[in-house]
Amino acid sequence: MNANERELILKEEVYAVVSCAMEVLNIRGHGLHEKIYENCLCVEFRLRGIPYTQQERHRVMYKGEIVGEYVPDLVLQEQLILDTKTIERITDHERGQMLNYLRITGLPGGVILNFKHARLEWERLVLTKEPRRDANKRQLEAERADFLAPGERR
């Protein structure tokens, strides 16, 4: 099955996240601290009536024992992890991190939002149903998109 034949998982939720992130970027601008964008997204989600949790703790288990915890920035509608960043660009490091977060939480998808530049950089990540042997080939689907800030031209 190719990418055109697959139905996008969590399409509406991802659209809502990107719409909220664009609103935050348009109002606050780029280059602030990650936590500010996280908190702005919370305000935007509340105003739009979108259910979310912030900084909810998830136990990391190993052979039946708790070995740590993971605290995602935001979880949207109990389905989608949101990770806010202010980095040069999203790399395989961030993608791998999100994949681990999805495994730990058991949630189906995640979105990495990068507010570093005037254009919002974002990626949608979804665990595949059939794990691949090579993690570097990604056990996820990624879609990238850049959006221009108001008044900016390509």
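Numbering (the working numbering), first residue to last: 11 to 164.
Using N, Cα and C, we set each Cβ at its ideal position, and we do this for glycine too.
This one's a predicted model, so the numbers in the text were calculated from it and none came from an experiment.
At a Cβ-Cβ threshold of 8 angstroms, residue 27 and residue 130 do not count as neighbours. Here residue 30 has 51, 54, 55, 58, 60 as same chain residues with Cβ atoms under 8 angstroms from its own Cβ, once five neighbours each way along the sequence are excluded. Just measuring C-alpha positions, the residue of 72, 117, 137, 97 sitting nearest residue 41 is 97. The C-beta of residue 21 has fewer than 16 other C-beta atoms within 10 Å across all chains shown, which makes the residue exposed. The DSSP assignment places complete alpha helix (DSSP H) segments of no fewer than 4 residues inside the region 90 to 135 at 102 to 115, in order along the chain. For the region 24 to 80, the full-length beta strand (DSSP E) segments reaching 3 residues or more read 62 to 64, 68 to 72, 75 to 80 along the chain. With a cutoff of 8 angstroms on beta-carbon distance, residue 62 and residue 86 are scored as near each other.
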